[in-house]
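As given, the protein sequences belong to chains A and B, one line each in that order.
The opening residue of the first sequence carries number 1 in our numbering; numbering runs sequentially from there.
The opening residue of the second sequence carries number 1001 in our numbering; numbering runs sequentially from there.
Cβ coordinates follow ideal geometry from the N, Cα and C atoms, glycine included.
As the structure is a computational prediction, the values presented were derived from the model and not from experiment.
2 protein chains.
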Amino acid sequence: MYDCDHMDPAQLAALPDGQDLRLARGDALFRAGDPPLGLVLVHRGALELRRVSAEGRLIVLHRAGPGDSFAEASLFEPRHHCDAVATAPSLVTVHAAAALRRAAAADPSIGWRLAAHLAARLVAERARAERLAQPRAADRLLDALHALPEDDDGLRHLGRSWKTLAAELGLTHEATYRALARLERAGLVRRDGRGGVRLAGPPA
Amino acid sequence: MYDCDHMDPAQLAALPDGQDLRLARGDALFRAGDPPLGLVLVHRGALELRRVSAEGRLIVLHRAGPGDSFAEASLFEPRHHCDAVATAPSLVTVHAAAALRRAAAADPSIGWRLAAHLAARLVAERARAERLAQPRAADRLLDALHALPEDDDGLRHLGRSWKTLAAELGLTHEATYRALARLERAGLVRRDGRGGVRLAGPPA
DNA sequence: GGATCCATATGATCACAGTCATACACAGTG
DNA sequence: CACTGTGTATGACTGTGATCATATGGATCC
């Protein structure tokens, strides 16, 4: 429910002088420790914010697809604290932090709109934390799938690989595939082979 | 590192006409589904944002102690999506959403400051998600303890019960006590009986 | 047309977190 | 004072996710 984007990032896009960038799969837009780049809008492709834990686990902090924005928090931080990597060939617009601050000084409404956008991201992030607090893989998985935008008839399309989803859920891909297989055997989930998912049963 | 409060909520407190409220332990400031109350500043005591999962698990979405604020996101949402419950006798100030919006229209800097505050909360929330993605209880626990503010000599004070921390970490209290005992036996953690913790070894 | 890489599986094993039970100390209350 | 609720702690058992291994089909690249 509150996992979708309430605020249209496009309303943030009414901003001055963004710089367009193309990224190949695997390219890093920035690395942890870099000075903040600014607000990033994704037009095509997908980017992930990643960290590697002390034990070497890859952790996906956030994932942004077409129409999403990210790195908003970096506008107020001295350094980036994670890597931003393109998981597919991508096209993004970067609004430099300094320029954005100047624009906000000129147009007071930008601050409030940015706050609204950040509030939406915060709610989504809390939903994610709630999901991660579930102990069982099937619960996390079902929760994530129910949060997916639903087609006019009941089809949802997972816009990424199951392996990627596994990382977002804090699970190994093996656990994810197994949970998926069990859910499918139980008739709660049906997959068409191409990223489409159909769910049975109430979200509750 | 990025789990502490970068932004001083007090700078948000330069706001008009807050309403002070006293809460007893167990009192709910609002419930899921209620219309947004507004921005809440905690002066004394502690409040938790809670949900109950479909399986009946109690999930702590956020915890605010003295000097913290919460429910910022509710300023932009039509309804609250979780309960706010006092876990101790508390004193709070509520800045009504409508009043805050009016104040922001009059003073443009409020929007930007609010955005900065929300950005800090977002970073903290991502750190929490990162923590919850760790599979082992000891890792989550150590991570959370290292994120605690450190005294001038190496003492950290856990400002809440271990049971409460367990809920924040998405663990049962049993698992938490056991992990704690193991860590203490291994010499990585030392507790004085009164909420004080001393850690050995690097955060990495 | 191989050679590679990756996502998608599935099996075996083991560590560990969840669950249920029990116990004790302490605070607050009638 | 007894009574109750809560936090702290530990034991036994079970379920399940992590780990390691292996296999296959689809891309992509020379």
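Task: CB contact check: B:F1076 to chain A, cutoff 9 Å - done: In the second sequence, counting from the first residue as 1, residue 1076 of chain B sits at position 76. It does: the Cβ of B:F1076 has a partner Cβ on chain A nearer than 9 Å.
Open item on the list: Against chain A, does B:D1152 count as a neighbour if the rule is that its beta carbon must be under 9 Å from one of theirs?
Closed with: Locating residue 1152 of chain B in the second sequence gives position 152, counting from the first residue. Not one chain A Cβ lies under 9 Å of B:D1152.
Open item on the list: Does A:E55 come out as helix, strand or coil in the three-state DSSP assignment?
Closed with: In the first sequence, residue 55 of chain A corresponds to position 55, counting from 1. Under the three-state reduction of DSSP, A:E55 is assigned to coil, being neither helix nor strand.
- [ ] Check whether the Cβ atoms of A:L91 and A:V42 sit closer than 9 Å, and answer yes or no.
- [x] Taking the first residue of the first sequence as position 1, residue 91 of chain A is located at position 91. Taking the first residue of the first sequence as position 1, residue 42 of chain A is located at position 42. Yes. Within cutoff.
Open item on the list: So, at 7 Å on beta carbons, what are the nonlocal neighbours of A:M7 in its own chain, with the 5 sequence-adjacent residues on each side left out?
Closed with: Within the first sequence, numbered from 1, the residue matching residue 7 of chain A stands at position 7. Low confidence applies here, because A:M7 scores a pLDDT of 43, under 50, leaving its location unreliable and the question unanswered by this model.
Open item on the list: I'd like to know whether the C-beta of A:A84 is nearer than 9 Å to at least one C-beta of chain B.
Closed with: As a position in the first sequence, residue 84 of chain A is number 84, starting the count at 1. Not one chain B Cβ lies under 9 Å of A:A84.
Open item on the list: Would you say B:H1006 lies against chain A (beta-carbon separation less than 9 Å)?
Closed with: For the purposes of this step, residue 1006 of chain B is taken as the residue at position 6 of the second sequence. Caution applies to B:H1006, whose pLDDT of 39 falls short of 50 and renders its modelled position unreliable; the value that the coordinates give is listed next. Interface annotation, B:H1006: in contact with chain A, CB-CB separation under 9 Å.
TODO: Taking all protein chains shown into account, decide if B:A1106 is buried (16 or more other Cβ within 10 angstroms of its Cβ) or exposed.
DONE: Counting from one through the second sequence, the residue named residue 1106 of chain B turns up at place 106. Exposed is the call here.
- [ ] Could you spell out where the beta strand (DSSP E) holding B:D1211 opens and where it closes?
- [x] Absent from the structure is residue 1211 of chain B, since the part of chain B shown begins at 1001 and ends at 1204.
Open item on the list: Restricting to Cα atoms, I'd like to know which of A:S109, A:R102, A:E174, A:A104 is closest to B:A1104.
Closed with: Sequence index remark: in the second sequence, residue 1104 of chain B carries index 104 (1-based). Checking every option, the nearest Cα to that of B:A1104 belongs to A:S109.
Open item on the list: I need the straight-line Cα distance from B:A1071 to A:R191, nearest angstrom please.
Closed with: In the second sequence, the residue the question calls residue 1071 of chain B occupies position 71. In the first sequence, the residue the question calls residue 191 of chain A occupies position 191. For B:A1071 and A:R191, the distance between alpha carbons rounds to 38 Å.
- [ ] From the DSSP output, in three-state form, read off B:H1080 for me.
- [x] Position 80 of the second sequence, counted from the start, is the residue given in the question as residue 1080 of chain B. Reduced to three states, the DSSP call for B:H1080 is coil.
- [ ] Give a yes or no on whether the minimum CB-CB distance between A:S268 and chain B is below 9 Å.
- [x] What the structure shows of chain A is the stretch from 1 to 204, and residue 268 of chain A is not part of that stretch, so it cannot be assessed.
TODO: Go through its chain and collect everything with a Cβ distance to A:L169's Cβ below 8 Å, but skip five positions before and after it.
DONE: Against the first sequence, residue 169 of chain A aligns to sequence position 169. Result list for A:L169: R131, L132, A137, R140, L141, A144, T176, in chain order.
Task: Rounded C-alpha distance that separates B:A1200 from A:G187 - done: Walking along the second sequence from the start, residue 1200 of chain B turns up at place 200. Walking along the first sequence from the start, residue 187 of chain A turns up at place 187. Pairing B:A1200 with A:G187, the inter-Cα distance amounts to about 49 Å.
Task: contact_flag[the segment 29–38 of chain A, the segment 83–99 of chain A] where n(CB pairs < 8 Å) is 3 or more - done: The segment 29–38 of chain A is in contact with the segment 83–99 of chain A.
- [ ] Let me know the beta strand (DSSP E) ranges lying completely inside the segment 103–177 of chain A, each 3 residues or longer, listed in chain order.
- [x] Within the segment 103–177 of chain A, the complete beta strand (DSSP E) runs of at least 3 residues are 155–157.
Open item on the list: Any heavy atom of the ligand NAP inside 8 Å of the beta-carbon of A:A115?
Closed with: Although the ligand NAP was asked about, the structure shown includes no ligands whatsoever.
TODO: With distances taken Cα to Cα, identify the nearest neighbour of B:R1102 among A:L165, A:A32, A:A86, A:W112.
DONE: As a position in the second sequence, residue 1102 of chain B is number 102, starting the count at 1. Among A:L165, A:A32, A:A86, A:W112, the Cα nearest to that of B:R1102 belongs to A:W112.
Task: Same chain only: Cβ atoms within 8 Å of B:G1018, ignoring 5 sequence neighbours per side - done: Numbered from 1 along the second sequence, position 18 holds the residue referred to as residue 1018 of chain B. Here the set comprises L1041, T1093, V1094, H1095.
- [ ] Report yes or no: is there a C-beta of chain A within less than 9 Å of the C-beta of B:L1132?
- [x] On the second sequence, position 132 is the one that residue 1132 of chain B refers to. Yes, contact with chain A.
Open item on the list: Considering Cα atoms alone, identify which of A:S161, A:L49, A:L100 is closest to A:H173.
Closed with: One-based indexing of the first sequence puts residue 173 of chain A at position 173. Among A:S161, A:L49, A:L100, the Cα nearest to that of A:H173 is on A:S161.
- [ ] With a cut-off of 8 Å on the beta carbons, I'd call A:H80 and B:R1126 a contact; round off their distance for me.
- [x] Taking the first sequence and counting its residues from 1, the one referred to as residue 80 of chain A is at position 80. Taking the second sequence and counting its residues from 1, the one referred to as residue 1126 of chain B is at position 126. About 12 Å separates the Cβ atoms of A:H80 and B:R1126, ruling out a contact at the 8 Å cut-off.
TODO: Flag this pair as yes or no: are the beta carbons of B:V1085 and B:L1029 separated by less than 9 Å?
DONE: For this step, residue 1085 of chain B is matched to residue 85 along the second sequence. For this step, residue 1029 of chain B is matched to residue 29 along the second sequence. It is a contact, given that the beta carbons lie within the stated cut-off.
Open item on the list: Please list the terminal residues of the continuous beta strand (DSSP E) segment that includes A:D20.
Closed with: As a position in the first sequence, residue 20 of chain A is number 20, starting the count at 1. Segment 19–23, the beta strand (DSSP E) holding A:D20.
Task: Bridge-paired residues (DSSP) for B:H1231 - done: The question about residue 1231 of chain B has no answer, for chain B in this structure spans 1001 to 1204.
Open item on the list: Run through the DSSP bridge pairs and tell me what B:D1192 is partnered with.
Closed with: On the second sequence, position 192 is the one that residue 1192 of chain B refers to. Note: B:D1192 sits in a beta bridge opposite B:G1196.
Task: Short-range partners of chain A found in the segment 1043–1059 of chain B, where Cβ spacing is below 9 Å - done: Cβ contacts with chain A: L1049, R1051, S1053, A1054, E1055, R1057, I1059.
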